[in-house]
Amino acid sequence: MAGDVLLEARGLTKRFPGVLANDSVDLLLHRGEILGLLGENGAGKSTLVKMLFGIHQPDEGDIYFKGQAVTNDGPGEAIARGMSMVHQHFQLVPPLTVAENIVLGNEPISRGFFNKRAAEKRVREISEQYGLTVEPTDVVGDLPVGIQQRVEILKALYRGAEMLILDEPTAVLTPQETDELLVILRQLAADGVGIIFITHKLREVLAVTDRVTVLRQGKGVGTAETANSTSASLAELMVGRSVVLRVEKDEAAPAEPVLIVNDLHVRDDRRQLVVEGATLQVRAGEILGVAGVEGNGQRELVEAITGIRPIDTGSAVVDGTPVGSKPRAVRELGVAYIPEDREKDGLVGGYSIADNLVLATYYEEPFASRGVRDFDAVAQQAEELVEQFDVRTPSINTPVQSLSGGNKQKVIVARELSKENRLVVASQPTRGVDVGSIEFIHNQLITARDAGAAVLLVSAELDEIFGLADRIAVIYEGRIVAELDPTTTTREEVGLFMAGGG
Amino acid sequence: MTLTKTLKGNTATIVGLIAVAVALSASYLWDDTQTTAVAARTVREAAPLILAGLCGLVGERSGIINIGIEGQMLLGAFCGFMAASYTTNALGSTVSLLAGVAGGVAVASAAGWFLAWTAIRLRMDQIIAGTVINIFAIGATSFFFVQGRTMPTVPNWPVPGLRDVPLLGRMLFDHGPLTYVAMLAAVLIHIALFHTRWGLRTRAVGEHPGAADTVGVNVFRLRYLNLAAAGALAGLAGFALLQSASAFNRGMSNGKGFIALAVMIFGRWRPMGVFGAALLFGFFNALQAQLQFKQALDVPPQFFGMIPFVLTIAVLALAGLSARPPAASGQPYDPD
Chain A
-10 MAGDVLLEAR GLTKRFPGVL ANDSVDLLLH RGEILGLLGE NGAGKSTLVK
40 MLFGIHQPDE GDIYFKGQAV TNDGPGEAIA RGMSMVHQHF QLVPPLTVAE
90 NIVLGNEPIS RGFFNKRAAE KRVREISEQY GLTVEPTDVV GDLPVGIQQR
140 VEILKALYRG AEMLILDEPT AVLTPQETDE LLVILRQLAA DGVGIIFITH
190 KLREVLAVTD RVTVLRQGKG VGTAETANST SASLAELMVG RSVVLRVEKD
240 EAAPAEPVLI VNDLHVRDDR RQLVVEGATL QVRAGEILGV AGVEGNGQRE
290 LVEAITGIRP IDTGSAVVDG TPVGSKPRAV RELGVAYIPE DREKDGLVGG
340 YSIADNLVLA TYYEEPFASR GVRDFDAVAQ QAEELVEQFD VRTPSINTPV
390 QSLSGGNKQK VIVARELSKE NRLVVASQPT RGVDVGSIEF IHNQLITARD
440 AGAAVLLVSA ELDEIFGLAD RIAVIYEGRI VAELDPTTTT REEVGLFMAG
490 GG
Chain B
18 MTLTKTLKGN TATIVGLIAV AVALSASYLW DDTQTTAVAA RTVREAAPLI
68 LAGLCGLVGE RSGIINIGIE GQMLLGAFCG FMAASYTTNA LGSTVSLLAG
118 VAGGVAVASA AGWFLAWTAI RLRMDQIIAG TVINIFAIGA TSFFFVQGRT
168 MPTVPNWPVP GLRDVPLLGR MLFDHGPLTY VAMLAAVLIH IALFHTRWGL
218 RTRAVGEHPG AADTVGVNVF RLRYLNLAAA GALAGLAGFA LLQSASAFNR
268 GMSNGKGFIA LAVMIFGRWR PMGVFGAALL FGFFNALQAQ LQFKQALDVP
318 PQFFGMIPFV LTIAVLALAG LSARPPAASG QPYDPD
């Protein structure tokens, strides 16, 4: 299986102002091997690979590539040595073609001019050689993400990569696209490429890697043979304590419908119809999980239901009252909203935790009387909620922007779920949140459900949908294309609907 | 193929130019002298707009908005004038004019470098930085300007033979050197932008600098170089103003640097589009000049003088609806 050592890192340390991002981390990668790099958000995975790839310079430690000590002064040098990286956010130029994107930086030149034909020919050759089908003349911005990712991998292969780093490559893929990617990675490894596969999804680590190195709080806490590992053992390494991976919940006791969405049409910011006839119901005491690949109208659906985005045609009704275009009126119907983009839509970064906790209620008793704010009441509530929702912060006056992702999300969850709710709309509630906080947030959603709220959960993570939802609705191109029972359906079936099949 | 794209993207310009061409041909039959004068003037007026518009284009294609073209033109004209003026006695008129071009280009180019520096090193708001250049240029050129200095006249370079073609001859082949430079520059930059490595990298850096950076393209270096080169174009645009005026006056760029931005947007950030749009603007300038000159209508001259600016507003309002600038234009690039 694995050949000689391709890359070895010893004692890599990186400090950022106030943070020890990597603390003496070791890493070993063989030719033809897929090494999983596992860790929670903020564990230092990205910093580590950025040092390998020359984006950051290590403060201490050495990197050996093909047996020689190397320092990469920038990605250009790393690429020249045969190291490549597929970034989590694709590094592709949308208006350029596939071929132009692939050759950018190493363009074929003839007589001083960029030789586009040669570029397209070369791309076609590599794409056939590795079975990564792309059309070199397509404009990248028009392609689905799965294909864009292929272009990224081809970029690496075009440069003769012997080592490939993939940073959370499956975050944006459907389950089918993920499976395809894993097959491709296996092939590449068989051709002798050494692959570092960064992820926080245990399932993928177990499915495709040979060995796995786990980081926690900037330290390497262990390397394991994948064959000898289980989800539970890896999760424990990652978090440092045993974690309940399955969400504990009782049978749902659904009552009357709270949210009724009928033939809803909504436009996006570019005035294109992206929700085109969505119909769904959520009953009190149940969680409806909306599964779908990002960009299929989830965002607009949720924003229409919460009154943030105008409805084009159709209706969304909460407890018999149609939602209008006044978010405050919708909220006063007993609707809680955990937005997808917490930095942009959920919090005011420069405000304190206390102020963020009353963003929606600052004008109400007891936080204000006759238009004058009562800071004592605000502070008292903040102290209680920070305690109750386990927000890790030096004080309630700390600006929210200085908190970690998980703690920011807990502030939102505290604000939204501490009140009495009829409907909870939660969009990607655990994105970019550490495992410990995920567990906590999931339990809060279950608690809200058991208190009789209807919960609409939108998530791109199938694990989350399967773990929490009492019913699953699949959204594709702005329509609900399937309603499924999580106890009888499979990931594959849901994935098929997400991809527009089925 | 890239030209077809330009043609598709610039329907408004093309329709406008065809309308102008038809109007000119018709009016040529009716009054050939005046029509020829307007046609020749259209191209002459277009020259500084082409050069300045290309300056804006190269900047934005590399990801930096340049609102300081006006100032760069003014600096280019002023320094060009001073350099030519002070070297006339020692060097003779031809060489002193070359010295003038070199001086204007160097200073405007330095201003472009300065803009890149504020955007890259200081991560300053690029609109503010451009405004700084404009204000500095107006102040400095007014302060150092000495009334009564002269410079050699920029010669006319009629192309023998071609010049005598009716209408088109005077329109295209009877100009000062900078007008030819402007037309040539549009063609060359078109080729460079779409058919060379520099062009591919420049477009990548203007759309998604991160992508370019991760494959080893030096984003900052390319931006510095491009902004300096674009500044040189603005310097040439400034000298093109001297070509028709033969002397520097205070504030002689007279808003052309801003109109150039409209030209760039109307030309959809494509060099040949800029060329066409500049011709269209040049035509309205020429028309207003001719109408003023002939006093054909009993309207105050200020009214005609206003036309190019009104047109600019109209163009931006209409074209702005569907125009898409390079995605990274105006965004400071942070490699982390």
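Chains A and B supply the protein sequences, listed in that same order.
Using my numbering, you'd call the opening residue of the first sequence number -10 and step up by one each time.
Using my numbering, you'd call the opening residue of the second sequence number 18 and step up by one each time.
Glycine included, every Cβ here is placed at the ideal spot set by N, Cα and C.
Simplified DSSP assignment, three categories, for residue i
| i | result |
| --- | --- |
| residue 25 of chain A | strand |
| residue 99 of chain A | strand |
| residue -2 of chain A | strand |
| residue 357 of chain A | strand |
| residue 237 of chain A | coil |
| residue 30 of chain B | helix |
| residue 446 of chain A | strand |
| residue 80 of chain B | coil |
| residue 95 of chain B | helix |
| residue 283 of chain A | coil |
| residue 344 of chain B | coil |
| residue 297 of chain A | coil |
| residue 310 of chain A | strand |
| residue 19 of chain B | helix |
| residue 292 of chain A | helix |
| residue 250 of chain A | strand |
| residue 269 of chain A | strand |
| residue 302 of chain A | strand |
Contacts of residue i in chain A (Cβ-Cβ under 9 Å)
| i | result |
| --- | --- |
| residue 304 of chain B | Residues of chain A passing the Cβ test: none, with the nearest at roughly 36 Å. |
7 Å Cβ cutoff, residue i in contact with chain A
| i | result |
| --- | --- |
| residue 207 of chain B | no |
| residue 124 of chain B | no |
| residue 233 of chain B | yes |
| residue 335 of chain B | no |
Below-7 Å beta-carbon distance, residue i vs any chain B residue
| i | result |
| --- | --- |
| residue 64 of chain A | yes |
| residue 93 of chain A | yes |
| residue -10 of chain A | Model confidence at residue -10 of chain A stands at a pLDDT of 46, short of 50, so the residue's coordinates are unreliable and nothing is read from them. |
Terminal residues of the alpha helix (DSSP H) in which residue i lies
| i | result |
| --- | --- |
| residue 110 of chain A | 105 to 118 |
| residue 374 of chain A | 364 to 377 |
| residue 58 of chain A | Per DSSP, residue 58 of chain A belongs to no alpha helix (DSSP H); it is in the beta strand (DSSP E), 57 to 59. |
| residue 224 of chain B | 214 to 224 |
| residue 9 of chain A | Where residue 9 of chain A is concerned, there is no enclosing alpha helix (DSSP H), although the beta strand (DSSP E) it sits in stretches over 8 to 19. |
| residue 351 of chain A | Run containing residue 351 of chain A: none; DSSP gives neither H nor E here. |
| residue 327 of chain B | 318 to 336 |
| residue 271 of chain B | Unbroken run through residue 271 of chain B: none, as it is neither H nor E. |
Counterpart residues of residue i in DSSP-defined beta bridges
| i | result |
| --- | --- |
| residue 74 of chain A | A/154 |
| residue 209 of chain A | A/204 |
| residue 127 of chain A | BP columns for residue 127 of chain A are empty, so no partner. |
| residue 51 of chain A | A/-1 |
| residue 174 of chain B | B/192 |
| residue 465 of chain A | A/468 |
| residue 44 of chain A | In the DSSP output, where bridge partners are listed per residue, residue 44 of chain A has none listed. |
Proximal chain A residues relative to residue i, where beta-carbon distance stays under 7 Å
| i | result |
| --- | --- |
| residue 214 of chain B | 96, 98, 103 |
| residue 217 of chain B | 89, 93, 96, 103 |
Chain B residues whose Cβ lies nearer than 8 Å to that of residue i
| i | result |
| --- | --- |
| residue 82 of chain A | 220, 221, 224, 225, 228, 229 |
| residue 85 of chain A | 217, 220, 221, 224 |
| residue 144 of chain A | 232 |
Residue i, enclosing beta strand (DSSP E) - first and last residue
| i | result |
| --- | --- |
| residue 296 of chain B | First-last for residue 296 of chain B: 288 to 311, but that is the alpha helix (DSSP H), not the beta strand (DSSP E). |
| residue 165 of chain A | That residue, residue 165 of chain A, is in no beta strand (DSSP E); its alpha helix (DSSP H) goes 164 to 179. |
| residue 185 of chain A | 183 to 188 |
| residue 501 of chain A | This structure cannot settle anything about residue 501 of chain A, because the visible part of chain A is limited to -10 through 491. |
| residue 416 of chain A | 412 to 416 |
beta-carbon residue i near the ligand ADP non-hydrogen atom, thresh 6 Å
| i | result |
| --- | --- |
| residue 117 of chain A | This structure lacks the ligand ADP; in fact it carries no ligand of any kind. |
Chain-ordered neighbours of residue i on chain B, where CB pairs are closer than 9 Å
| i | result |
| --- | --- |
| residue 68 of chain A | 231, 232, 233 |
Interface residues of chain B facing residue i [CB-CB closer than 7 Å]
| i | result |
| --- | --- |
| residue 76 of chain A | 231 |
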